[in-house]
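Chemist: Can you keep this structure in mind? I'll have questions shortly.
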Amino acid sequence: NHLLKNIGWDDGTLLDVVKSDNALHIRRKEDVVDLVTKPCVDILTATFKNIKPGKIIKYNSKLNESLNKLHVSARRVFFICLYLYFNGRYNSDGSILIRADKYAEFIGIDRTMAYKQMKDAADYFSSNIKLISLCDYIKNEGLLRVALSTETINFISAVDGRKYQTTVVLYQSAVKLSGRYSWNLYQLIKSRLLDKSGAF
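Here the working numbering is used: the first residue of the sequence shown is 130, the next is one more, and so on.
Written out as structure tokens, the structure reads:
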């Protein structure tokens, strides 16, 4: 076993991230003496139907400060938008459409939960427009209409490694992670374990 990091949650819970037999484990202190080891989200092998394995998203690392503040639904919508944007799947006005059935497929959840998460993301971005300048939930169509902010466009364009510090993540990992602290944990593990492409 190889101990990668010992950190704690805001509530004081102790946490170790352990690599063992090519797997990552969270070791959480649940009482005074015992530590329980649990498998963490399998971010190394997560795959999605119709999504090319190994698809990466690259952006200026200054964007991470804002990403760390997003709740799960907002972060998922944001990374789906980046994926579609990088693949040229946006309208002439720059807006991006996300259908509930595709959202559910990308994330691996049922459509009812997809509707809820899309609505939650729209509610969040209605008052937090730093990353997303437009996020309209069209209820009767189960559709999100989204536009990336000018600041986000600048950050995903300024990725020349000779000039800027950049972050590279697997699209599958970015949208699959759930839970309040999963994104921060993912960043921690990624900083310690990188494959040859520099992303996982």
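Glycine included, every Cβ here is placed at the ideal spot set by N, Cα and C. All values reported here derive from a predicted model rather than from experimental measurement.
When the Cβ atoms of the stretch 294 to 302 are set against those of the stretch 240 to 249, are three or more pairs found closer than 8 Å?
Modeler: The answer is no - the stretch 240 to 249 does not touch the stretch 294 to 302, with fewer than three Cβ pairs under 8 Å.
Chemist: Have a look at 269, 270, 291, 252 and flag the residue whose alpha-carbon is nearest the alpha-carbon of residue 263.
Modeler: Residue 252 is the option with its Cα nearest to residue 263.
Chemist: Would you give the residue range spanned by the beta strand (DSSP E) that residue 297 belongs to?
Modeler: Unbroken beta strand (DSSP E) run through residue 297: 295 to 299.
Chemist: Return the chain-ordered list of same chain residues with a C-beta closer than 6 Å to the C-beta of residue 105, the five sequence neighbours on each side being excluded.
Modeler: Summary: the structure shown does not reach residue 105, with the chain confined to residues 130 through 329, and so no result is reported for it.
Chemist: Count Cβ pairs between the stretch 229 to 244 and the stretch 184 to 197 that sit closer than 8 Å; are there 3 or more?
Modeler: Counting Cβ pairs under 8 Å, fewer than three are found: no touch.
Chemist: Buried or exposed: which applies to residue 286, given that a residue is buried once 16 or more other Cβ atoms fall within 10 Å of its Cβ?
Modeler: Residue 286 should be labelled exposed.
Chemist: For the structure I just gave you, are there three or more beta carbon pairs, one from the stretch 220 to 234 and one from the stretch 265 to 275, closer than 8 Å?
Modeler: Cβ pair count under 8 Å is three or more, so yes.
Chemist: Checking 8 Å against the spacing of the C-beta atoms, do residue 205 and residue 275 come in under that value?
Modeler: No, these two residues do not count as a Cβ contact at 8 Å.
Chemist: Determine the closest residue to residue 220 out of 258, 255, 236, 277, with distance taken between C-alpha atoms.
Modeler: Selected option, being the one with the closest Cα: 277.
Chemist: Figure out for me which residue from 223, 209, 254, 215 has the closest Cα to the Cα of residue 302.
Modeler: Residue 302 has its Cα closest to that of 209, out of 223, 209, 254, 215.
Chemist: How big is the Cα-Cα spacing for residue 217 and residue 207?
Modeler: Answer to the nearest angstrom: the Cα atoms are 15 Å apart.
Chemist: For residue 238, tell me which candidate among 214, 202, 223, 289 has the shortest Cα-Cα distance.
Modeler: Looking at the Cα atoms, 202 is the closest of the given residues.
Chemist: Work out the CA separation of residue 284 and residue 196 for me, nearest whole Å.
Modeler: Spanning the two alpha carbons is a distance of roughly 12 Å.
Chemist: Taking only three categories from DSSP, how would you classify residue 257?
Modeler: In the structure shown, residue 257 sits in coil (DSSP, three-state: anything other than H, G, I, E or B).
Chemist: In three-state DSSP terms, what is residue 219?
Modeler: If DSSP states are grouped into helix, strand and coil, residue 219 belongs with coil.
Chemist: Kindly indicate which three-state DSSP category residue 236 falls into: helix, strand or coil?
Modeler: Note: residue 236 maps to helix in three-state DSSP.
Chemist: With the cut-off set at 8 Å, would you say residue 184 and residue 300 are in Cβ contact?
Modeler: Result yes, Cβ atoms of residue 184 and residue 300 sit closer than 8 Å.
Chemist: Just grab the DSSP bridge partners of residue 274 for me.
Modeler: Note: residue 274 sits in a beta bridge opposite 226, 265.
Chemist: For residue 187, which three-state DSSP category applies?
Modeler: If DSSP states are grouped into helix, strand and coil, residue 187 belongs with the strands.
Chemist: When the Cα of residue 236 is compared with those of 222, 212, 258, which residue comes out closest?
Modeler: For residue 236, the nearest C-alpha among the options comes from 212.
Chemist: Please state if the CB of residue 186 and the CB of residue 215 are separated by a distance shorter than 8 Å.
Modeler: Yes, they are a contact pair.
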